[in-house]
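Structure first, then comments.
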Amino acid sequence: MSLNVGVIIKLEPDFSEGNVSYNPDGTLNRAETKNTLGPHSAVAAQAAFYAKVMYGAKISIGTMGPPIADLALKQAQEISDAEELQLYSDKLFAGADTLGTAEVLRVGIGKMQGEMDIVFAGHRASDGETGQTGPQTAWKLGFTFLGNVTSYSVDLETRTIRAKRLVSLQGSPDIIEEVEAPLPVFISIDPTFKSSYNTISQRLSFQKYQKEAKERVKNFNNYYKIFNADELGVDKTLVGLPGSPTIVYKVERVPKSTATRSAEVVDGSDPKQLQKVVGKMKEALEAMVIK
Amino acid sequence: MILEKYDVAIIGGGSAGLAALRQLSKLGKQAILLEAGTKVGSKNISGGILYSKKPKKGQVTNVDELYENFLEDAPFERKITKYILHSTSKDKEYSMDLTEAHDYQANFGCSVLMTKLNSWFAHQAVESAEKIGGGIIPGVHVKSITWNEGKAIIQTDELDEFEVKAIIAADGVNSEVAEMVEARSKFNPTQLYQGVKVIVKLPEEIIEERFGVSSDEGAAHLFAGDITLNHIGGGFLYTNRDTLSLGAVYHYDSLIRNPIEPYALIDVLIKNPLVSEFVRDVIPIKKEIDKSLPQEEQLRIRFGVAKLIKTWKEFRESSLSPSGRQSLINSGKYKTNESIQERLSIIEKQMAEKFDVTFGTDYVETEYGAKLVPDGKRCKMEKPFFKNILFVGDAAGRGVFVGPRIEGLNVGIDDGVRAANAVARSLDKNDFSESFMGEYYSQLIEESPYTLDMKQIDKDYLKIFLDAAKDVPKDIIGSRYGPILKMMSSGTFRGIAVKFANILGYDKLLPMIESENTYVKVPIQLAERLGATVSSTYSPTIPSIADRIAKLNYNDDHHSHIKVLNSESEFMKKIVTLCPAKCYSEEGGKVVIQHEGCVDCGTCSQETEWKHPRGEKGIHYQYG
Numbered sequence: 077m078s079l080n081v082g083v084i085i086k087l088e089p090d091f092s093e094g095n096v097s098y099n100p101d102g103t104l105n106r107a108e109t110k111n112t113l114g115p116h117s118a119v120a121a122q123a124a125f126y127a128k129v130m131y132g133a134k135i136s137i138g139t140m141g142p143p144i145a146d147l148a149l150k151q152a153q154e155i156s157d158a159e160e161l162q163l164y165s166d167k168l169f170a171g172a173d174t175l176g177t178a179e180v181l182r183v184g185i186g187k188m189q190g191e192m193d194i195v196f197a198g199h200r201a202s203d204g205e206t207g208q209t210g211p212q213t214a215w216k217l218g219f220t221f222l223g224n225v226t227s228y229s230v231d232l233e234t235r236t237i238r239a240k241r242l243v244s245l246q247g248s249p250d251i252i253e254e255v256e257a258p259l260p261v262f263i264s265i266d267p268t269f270k271s272s273y274n275t276i277s278q279r280l281s282f283q284k285y286q287k288e289a290k291e292r293v294k295n296f297n298n299y300y301k302i303f304n305a306d307e308l309g310v311d312k313t314l315v316g317l318p319g320s321p322t323i324v325y326k327v328e329r330v331p332k333s334t335a336t337r338s339a340e341v342v343d344g345s346d347p348k349q350l351q352k353v354v355g356k357m358k359e360a361l362e363a364m365v366i367k
Numbered sequence: 016m017i018l019e020k021y022d023v024a025i026i027g028g029g030s031a032g033l034a035a036l037r038q039l040s041k042l043g044k045q046a047i048l049l050e051a052g053t054k055v056g057s058k059n060i061s062g063g064i065l066y067s068k069k070p071k072k073g074q075v076t077n078v079d080e081l082y083e084n085f086l087e088d089a090p091f092e093r094k095i096t097k098y099i100l101h102s103t104s105k106d107k108e109y110s111m112d113l114t115e116a117h118d119y120q121a122n123f124g125c126s127v128l129m130t131k132l133n134s135w136f137a138h139q140a141v142e143s144a145e146k147i148g149g150g151i152i153p154g155v156h157v158k159s160i161t162w163n164e165g166k167a168i169i170q171t172d173e174l175d176e177f178e179v180k181a182i183i184a185a186d187g188v189n190s191e192v193a194e195m196v197e198a199r200s201k202f203n204p205t206q207l208y209q210g211v212k213v214i215v216k217l218p219e220e221i222i223e224e225r226f227g228v229s230s231d232e233g234a235a236h237l238f239a240g241d242i243t244l245n246h247i248g249g250g251f252l253y254t255n256r257d258t259l260s261l262g263a264v265y266h267y268d269s270l271i272r273n274p275i276e277p278y279a280l281i282d283v284l285i286k287n288p289l290v291s292e293f294v295r296d297v298i299p300i301k302k303e304i305d306k307s308l309p310q311e312e313q314l315r316i317r318f319g320v321a322k323l324i325k326t327w328k329e330f331r332e333s334s335l336s337p338s339g340r341q342s343l344i345n346s347g348k349y350k351t352n353e354s355i356q357e358r359l360s361i362i363e364k365q366m367a368e369k370f371d372v373t374f375g376t377d378y379v380e381t382e383y384g385a386k387l388v389p390d391g392k393r394c395k396m397e398k399p400f401f402k403n404i405l406f407v408g409d410a411a412g413r414g415v416f417v418g419p420r421i422e423g424l425n426v427g428i429d430d431g432v433r434a435a436n437a438v439a440r441s442l443d444k445n446d447f448s449e450s451f452m453g454e455y456y457s458q459l460i461e462e463s464p465y466t467l468d469m470k471q472i473d474k475d476y477l478k479i480f481l482d483a484a485k486d487v488p489k490d491i492i493g494s495r496y497g498p499i500l501k502m503m504s505s506g507t508f509r510g511i512a513v514k515f516a517n518i519l520g521y522d523k524l525l526p527m528i529e530s531e532n533t534y535v536k537v538p539i540q541l542a543e544r545l546g547a548t549v550s551s552t553y554s555p556t557i558p559s560i561a562d563r564i565a566k567l568n569y570n571d572d573h574h575s576h577i578k579v580l581n582s583e584s585e586f587m588k589k590i591v592t593l594c595p596a597k598c599y600s601e602e603g604g605k606v607v608i609q610h611e612g613c614v615d616c617g618t619c620s621q622e623t624e625w626k627h628p629r630g631e632k633g634i635h636y637q638y639g
């Protein structure tokens, strides 16, 4: 019994050290900043790979973005061993908010091989932080939406999924909710998702697919397809600026918080200065002891 | 939960376990190899020289037969073409050329670094293993083995339990498999050597010039005499491609008798003027940063210097290696060797002008490590099997160590092949009983020429050794050894003496040969009477053990894999000194452990509850 898995990902600025660059006004300098597969998208790709190792799922990945977003597809393929990679790229899509993006993704997912059983999305984007694209795509697809999923298993016979969700409510401790839903579902994956492979055969197929993924990335172009608005056949009023009801009327810089602690730079190679640190630590520890 | 079933499990991904996997796959048999490290090879360490041998009697499977492309493709370091024994006493040194002994019945012997080499072995072995549903599972630590209707059920810390028909235990000198099924008792100090080793960085072409070898040759230097600090054993220095392996290996019981920190035995070796000169290199010396400068400026200078020195180190290393220069030229940035040289002097000038960096002499140490070595003569398992488990290599206590003859890896590889052959035969007949599989393997092992070498003196080898020592004054030997050895040193009586010696047996002979006389007193006398004076122009800056441990790569497990059983015993008090990673300390008369810096050597295992760390945990070597 086959399982078709889709993943939607995003090319994002690489916020790791040395790769990010800012304009003098404090906004992101997108031209100078390197791009990479978003960290949450990477987790979504891992979650899809889990379905491949455990259930032999077929994986399709889609993303909306400029032509350079093929980099993200490549990175996601290396993680997930995907057999289909789609880039939705058109000038018409520019200026889209999350709803306009969700429309493109909905149509794109429809173009993927076979009917999707599960679609994974990251928890949020590192450059947008709204976390809305996933749920909106799910709503447009009419799929059951499962958010903050930390682990899952699929019953191929009954075509149902069982998932654990991390539910955080302000003012009360986090709880893990276990839910069951019939396929198809749309999952936004929690950053704490970890795949665990507990049998020899799972470990062996994990290695097999990992190897296969490396080979596939080498022949990336065999799996990669780029779609413009016409090829996708989107309703042009529902995408890009026309399809985006959000109006950004003002952007404010987050005010710099006034420091409440004073920091001191310590030279780690100077024993005298280190001595001082140790002294402070002792003081702090002593203060912690309940007398 | 369904119980998964496989034909064979190999426990341990060292060179012996990998050889078993390779051979089984060659024979078309499915096997799963379980390795505790994150990657195969990352927990292995060796001296080390790997031999390919051609014994005059009997057959062995050599590394270059098991891996047909070994000589062309394998990342071994250098073929050793010079084998020299140095006797030392302070600044005196007397050397004996033992190259002929090293070449004895050898196709070749090459220096190796285990992490790299085992990873290559694994790559070769896994290709064929995968085709028949087998493979290597890293990050898994076996915790128990039970039996159900003759089949073994393996439980690990990481996976669901599974069933196999046969097991090859290749889990090293501190074999937990052997202990958990009570196939043998733990090796005791009289049966073991303790080895410690550091890797010293040295550019490729400096090695070749200094040791008088060409790019496909290498040298091995052994040391005895005052550098032993009166212990039975010695030092070694092997040339690798662009590093040196420098170590000290001592009979463990001799260390117990006269406890000393293992690293002190390396330190004294490095301080020996001959060795100091072998390891010396050019070192940039940073100028003290002016503390009166603003802190931001101080930081800017610190980062600037560090970055430039890093660039210099990398560039210099490439410039002193043919392949390094080639890749610089291929990169398109440099046209000729001269332009590379020019760039190097520009960097050096920048260092001097911008940051007042000067150049001095010292040596560069990278990785420290330790391991116990089973002395095959004293601890090879007489019955290397238990139920459907076969023991190979270190786990079976096998290795050939006779004076300067130091062979462990080749023995383990050959054992692995023999075990694989025995298991394959059992798979064909579906009989894994002790009488069919274990006894047969035992017979194969008995036929191994290495086993014979663990039992008696090889008189041809001895002849070569004694010929090399022919200049040693007879009175030194006469005053130190009994009549048998005296007879051996005379050509006329050697044959008779060796026969007589073998009748006496290793048990009686070994205390005579492996004595303070051989490793300490005679070498010191030799150096003093016949030695040349050597001097060194600098005194090496030796890192402390804390610095050495701090450089190692650990995946820390909050859960200690070692538990002290008796914190007040005499043995444990000695372990405070003998632990090569200084994990133990004595507090208020009680010995306590801090396991975080443990290098899994097993020195303390005699009186502790000792396990390997769980999968992926503990030490991971970069060189090994």
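Keeping their order, the protein sequence lines are chains A and B.
When you line the first sequence up against the working numbering, it's residues 77 to 367, in that order.
When you line the second sequence up against the working numbering, it's residues 16 to 639, in that order.
Note that beta-carbon positions come from the ideal geometry of N, C-alpha and C, so glycine has one too.
Would residue i and residue j be called neighbours here (beta carbons separated by less than 8 Å)?
i, j, result
"B:H138", "B:H236", "no"
"B:L651", "A:N304", "Because chain B in this structure spans residues 16 to 639, residue 651 of chain B falls outside the shown range and cannot be described."
"B:T381", "B:K216", "yes"
"B:I151", "B:L405", "no"
"A:E233", "A:N80", "no"
"B:F202", "B:P389", "yes"
"B:A35", "B:A185", "yes"
"B:P464", "B:G43", "no"
"B:P555", "B:K286", "yes"
"B:L280", "B:L244", "yes"
"B:K489", "B:R509", "no"
"B:V579", "B:A596", "no"
Among residues of its own chain, excluding the 5 on either side of residue i, which ones have a beta-carbon nearer than 6 Å to its beta-carbon?
i, result
"B:K395", "G412, R413, M469"
"A:E154", "A289, V293"
"B:H576", "K626, P628"
"A:T112", "D90"
"B:K20", "E178"
"B:N18", "According to the sequence shown, residue 18 of chain B is Leu rather than Asn. Closer than 6 Å at the Cβ level, and outside the excluded window around B:L18, lie E178."
Closer than 8 Å by C-beta to residue i: which residues in its own chain qualify, once you throw out the five before and the five after it? Chain order, please.
i, result
"B:I324", "P299, K301, M366, V372"
"B:T376", "R295, D296, V297, I298, T552, Y553"
"A:V180", "M140, Y164, F169, A172, L308, V310, V315"
Which of helix, strand or coil does DSSP assign to residue i?
i, result
"B:H117", "helix"
"B:C394", "helix"
"B:G240", "strand"
"A:M77", "coil"
"B:E223", "helix"
"B:D22", "strand"
"B:N245", "coil"
"A:P89", "strand"
"B:M640", "Because chain B here runs from 16 to 639, residue 640 of chain B falls outside it and cannot be looked at."
"B:R256", "coil"
"A:A197", "strand"
Taking C-beta pairs closer than 9 Å, name the residues in chain C that residue i reaches, listed in chain order.
i, result
"B:G150", "Going by chain labels, chain C is absent from the structure shown, which instead holds the protein chains A and B."
Go through its chain and collect everything with a Cβ distance to residue i's Cβ below 7 Å, but skip five positions before and after it.
i, result
"A:N99", "N105"
"B:S441", "A181, F447, F451, M452"
Please give the ranges of any alpha helix (DSSP H) in the stretch 453 to 522 of chain B, keeping only runs that are unbroken, at least 4 residues long and fully inside the region.
The stretch 453 to 522 of chain B contains these whole alpha helix (DSSP H) runs: 454 to 461, 464 to 470, 474 to 483, 489 to 495, 498 to 503, 509 to 519.
Decide yes or no for the touch test of the stretch 101 to 118 of chain B against the stretch 38 to 57 of chain B: beta carbon pairs closer than 8 Å, at least 3 of them.
With contact defined as three or more Cβ pairs closer than 8 Å, the stretch 101 to 118 of chain B and the stretch 38 to 57 of chain B are not in contact.
Which runs of the alpha helix (DSSP H) at least 4 residues long sit entirely within the stretch 308 to 335 of chain B? Give them in chain order.
DSSP runs (the alpha helix (DSSP H)) wholly in the stretch 308 to 335 of chain B: 310 to 334.
Are the stretch 201 to 213 of chain B and the stretch 259 to 275 of chain B in contact at 8 Å, needing three or more beta carbon pairs?
Short answer: they touch.
Give, in chain order, every unbroken run of the beta strand (DSSP E) that is at least 3 residues long and sits entirely within the stretch 105 to 183 of chain A.
For secondary structure counted as the beta strand (DSSP E) over 3 or more consecutive residues, the stretch 105 to 183 of chain A holds these complete runs in sequence order: 111 to 113, 134 to 140, 160 to 164.
Are the stretch 232 to 246 of chain A and the stretch 205 to 218 of chain A touching by the rule of at least three beta carbon pairs closer than 8 Å?
No contact exists between the stretch 232 to 246 of chain A and the stretch 205 to 218 of chain A.
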